[in-house]
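Working notes, beginning with the structure itself.
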Amino acid sequence: MLDIGTSLRRYRDKYNYTQQYVADVIGISRVAYRKWENNEVDFSLSQLNKVAELYDMPIHEIIIQSDFKKNKVISIQQKRHQYY
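Numbering-wise (this note's numbering), the sequence shown opens with residue 44 and increments by one.
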């Protein structure tokens, strides 16, 4: 799993944007955006693309900069093996 929220927060802080500003630009509520940064909800690639456009970067840069959560991937793989 990718920790996209950490990347979103890092870029927002770098540009000194508020959560409200970013949320307004991409067309969601501040609460919804906060949930993105906290990895509480999933979002579409089209929504993530709006964030990338705000920071004038390709979408893959946000994904590449995300922290990889190896323990979650292992957990998913272990569960998958239980069913096979």
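Yeah, the Cβ is synthetic: ideal placement off N, Cα and C, and Gly gets one too.
A Cβ-Cβ distance of about 7 Å is found for the pair Tyr58 and Tyr98, placing them in contact under the 8 Å criterion. Rounded to the nearest angstrom, the Cβ distance from Gln108 to Ser50 is 5 Å, consistent with a contact under 8 Å. About 5 Å separates the beta carbons of Asn92 and Ile102, which is inside the 8 Å limit, making them a contact pair.
Secondary structure at Asp85: coil, using DSSP grouped into helix, strand and coil. Only residues of its own chain outside the window of five on either side were considered, and among them Gln62, Val65, Ala66 have a CB closer than 7 Å to the CB of Tyr76, listed in chain order.
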